[in-house]
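In mature numbering (1 follows the signal peptide of the UniProt record, and there is no 0), the protein residues as written are -26 to -1, 1 to 212. The beta-carbon is built from N, C-alpha and C at its ideal position, and this holds for glycine as well. Quick caveat, the model's predicted, so the values are computed rather than measured.
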């Protein structure tokens, strides 16, 4: 729990940390810390691989976390070294994405997106839904929670090939959309711009062992494991 609390304390309000605080009270942000050279770090999962059974199986979680996510972190750091990138945080990379290679774009995005994704999940819960100001904003901007789910599911289902579906805050409103590959709404030039507060990985490696080609079933079961308390915290951050 301490790691998760540290994970959400950052200056830009995106609990998708890419750096883990090294000492008590040192949580300057998941996008970067006061240090000589920025590096991505593989964030702890925070729960057992089988914690999401019923929606995501343990084998998928282990492979996804250890192999895919681990590779993104390693390759992103290799790209930082190879390209001699000197930045203070990942936000700076994403804001100037056109200056960097496809290797850094794909792997830096993968490291960031997955670090956020792990924090957005919890054990399956019946009738799982947001409350408070987040629910009020969803009702205001989408009409109802059910209509929001329909729009989000459409974005996730229609994302061609590999990519992500997102709920973002942009210009004071909630918006839904998708990004290809490991792009995210913080990256310069991406069509969907905003501060991400909820994301769903729709790469096949995230669901294929359990669902095969049935992406809509994976998306439908996602709603039972969304950690809405965490999404609320991301929404509240400015």
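Checklist entry - DSSP state of residue 149, grouped into three classes? => result strand
Checklist entry - Just to confirm, are residue 38 and residue 130 a CB contact at a threshold of 8 Å? => result no
Next on the checklist: Please report the straight-line C-alpha distance between residue 95 and residue 72, rounded to a whole angstrom.
Outcome noted: 31 Å
Next on the checklist: Under 8 Å, with one C-beta from each stretch per pair, do the region 145 to 153 and the region 185 to 192 reach the 3-pair mark?
Outcome noted: no
Next on the checklist: Closest to residue 65 by C-alpha separation, out of 12, 208, 26, 211, would be which residue?
Outcome noted: 12
Next on the checklist: Within 10 Å of its beta-carbon, does residue 157 have 16 or more other beta-carbons around it, so buried, or fewer, so exposed?
Outcome noted: buried
Next on the checklist: Taking contact to mean 3 or more Cβ pairs, one atom from each stretch, closer than 8 Å, check whether the region 26 to 34 and the region 194 to 203 are in contact.
Outcome noted: yes
Checklist entry - When the Cα of residue 43 is compared with those of 17, 67, 62, 116, which residue comes out closest? => result 17
Item to check | Rounded straight-line distance, which links the Cα of residue 127 to that of residue 152 | outcome: 10 Å
Checklist entry - alpha helix (DSSP H) containing residue 141: first to last residue? => result No alpha helix (DSSP H) contains residue 141, which is instead part of the beta strand (DSSP E) from 137 to 144.
Next on the checklist: Quick check on the DSSP output: what are the complete alpha helix (DSSP H) runs of length 4 or more inside the region 36 to 117, in order along the chain?
Outcome noted: 44 to 56, 64 to 69, 76 to 93, 106 to 116
Checklist entry - Below 8 Å between beta carbons: does that hold for residue 108 and residue 205? => result yes
Item to check | Supposed contact pair residue 154 and residue 259 - C-beta distance, whole angstroms, cut 8 Å | outcome: Because the chain spans -26 through 212 in this model, residue 259 falls outside it and cannot be assessed.
Checklist entry - Near residue 80, which residues of its chain fall below 7 Å by C-beta distance, leaving aside the five closest residues on each side in sequence? => result 155, 156
Next on the checklist: In this structure, how does DSSP classify residue 176 when only helix, strand and coil are distinguished?
Outcome noted: coil
Next on the checklist: I'd like to confirm the pairing. Which residues does DSSP put opposite residue 169 in its beta bridges?
Outcome noted: 143
Item to check | Check whether residue 70 and residue 162 have beta carbons under 8 Å apart | outcome: yes
Checklist entry - Between residue 125 and residue 140, what straight-line distance do the alpha-carbon atoms span, to the nearest angstrom? => result 10 Å
Checklist entry - Going by Cα to Cα distance, which pick from 112, 116, 89 is closest to residue 209? => result 112
Item to check | DSSP state of residue 164 mapped onto helix, strand, coil | outcome: coil
Item to check | Backbone CA spacing between residue 51 and residue 93 [nearest angstrom] | outcome: 22 Å
Next on the checklist: Using the three-state DSSP reduction, which class does residue 154 fall into: helix, strand or coil?
Outcome noted: strand
Next on the checklist: Just to confirm my understanding: we take residue 122, look at its own chain, exclude 5 residues before and 5 after, and list those with CB closer than 6 Å. What are they?
Outcome noted: 112, 116
Checklist entry - If you drop the 5 nearest sequence neighbours on each side, which residues of the same chain put their C-beta closer than 8 Å to that of residue 105? => result 202, 206
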